[in-house]
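S.K.:
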Amino acid sequence: MSEIIVPRQFRGPPVTANGGYICGVLSNAVGGRGSAMLRSGVPLDVAVTLTPSEDGGVVLSNAEGQPLGSAKPAADDAIPMPPKPPTVEEAKRYAAASRFAEKSLHRGCFSCCIEREDGEGLGVHVGQIDGAPEGVCAGTWTPHANFANPDGTMPDEITWAALDCSGSMAWWIKTDTHVGLLGTMAGEVLVKPKAGETYVVVAWADKVDGRKFFAGVALFDSAGQVMARSGQIWIGRNPNAPPYQMPAAATANA
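So the sequence shown is residues 60 to 313, counted in the working numbering.
1) Do P145 and V89 count as a contact pair if the criterion is CB distance below 7 Å?
2) Can you tell me whether T243 is buried or exposed, with buried defined as 16 or more other CB within 10 angstroms of its CB?
3) State the Cα-Cα distance for the pair L222 and E123, rounded to the nearest angstrom.
4) The beta strand (DSSP E) with R152 in it runs from where to where?
5) Select from L249, R98, C224, Q291 the residue whose C-alpha is nearest the C-alpha of M213.
6) Skipping 5 residues on each side, what residues in its chain have a beta carbon closer than 7 Å to that of V118?
7) Would you mind sorting D268 into buried or exposed? The rule is 16 or more other CB atoms within 10 Å of its CB.
8) In the segment 152-211, which residue ranges form an unbroken beta strand (DSSP E) of at least 3 residues, counting only runs that do not cross its ends?
9) Quickly, what does DSSP pair F69 with across the bridge? List them, please.
10) I think N87 touches P102, with their Cβ atoms under 8 Å apart; what is that distance to the nearest whole Å?
11) Do the CB positions of W219 and Y258 come within less than 7 Å of each other?
12) Out of E216, G91, P141, G115, state which residue places its alpha-carbon closest to the alpha-carbon of R70.
13) Between which two residues does the alpha helix (DSSP H) holding L85 run?
14) Helix, strand or coil, according to DSSP, for D265 in the structure here?
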């Protein structure tokens with residue numbers, strides 16, 4: 060059993076942890092190549108407990124013992140093979156033409172918010188690839204030294220965060236619909252990205268099963284080598300649910 064605290068810097072929704080970041084933390088606890096499921100928002104700046112489970116996985120719980128998430132080693136079919144990436148320059152052009160280059164998918168989010176300062180958030184966003192099926196998208200990510208290990212490489216949970224929101228963006232670009240929140244993310248970091256180098260992010264909308272929207276997101280270096288890849292399940296909003304209202308304090312601090 061161990062305790063972890065997610066600082067507010069790594070938020071996704073206004074008052075809970077970024078989904079990709081926490082999925083990376085959970086997957087690190089099962090060897091790095093993991094499949095993490097989020098059950099509830101992980102609070103910020105509060106200790107939560109990571110406990111081994113009988114099946115070789117881990118469970119994350121709050122102070123009241125409520126399960127917040129879990130992880131287990133990822134099966135091969137949970138992490139899809141990505142399509143061929145565009146060049147870095149092409150990916151920059153697709154990202155610049157994206158609707159998310161003008162307005163963040165989630166304001167304040169560590170992964171995708173474009174209003175956050177360089178080195179304080181990641182600002183990753185993608186746009187439609189010319190000539191590709193609708194919902195196959197690309198952008199870029201240049202990791203900042205603020206997040207680096209002493210050797211200049213990125214901690215895996217930062218790379219997982221960089222892979223997070225682009226899957227939702229791919230669905231929005233394909234359907235013009237916001238698909239909701241990250242439910243499951245399976246992934247692996249094959250080669251650790253380095254601070255200061257520019258990488259290509261490719262995201263693609265895959266299939267739908269009820270309220271489950273499946274997507275893939277992968278990271279490539281400038282030579283087209285796969286650095287990291289993930290399979291995601293986004294849970295669509297209940298059509299009868301009331302509109303989400305951001306807390307006033309979170310709005311002021313976003």
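Where is the CB? At the ideal position from N, CA and C, for every residue including glycine.
M.R.: Working from what's here:
1) no
2) buried
3) 31 Å
4) First-last for R152: 147-155, but that is the alpha helix (DSSP H), not the beta strand (DSSP E).
5) L249
6) T110, S112, P126, S129
7) exposed
8) 195-200
9) For F69, which the question treats as bridged, DSSP gives no partner whatsoever.
10) Not a contact, Cβ separation roughly 19 Å.
11) no
12) E216
13) 78-87
14) strand
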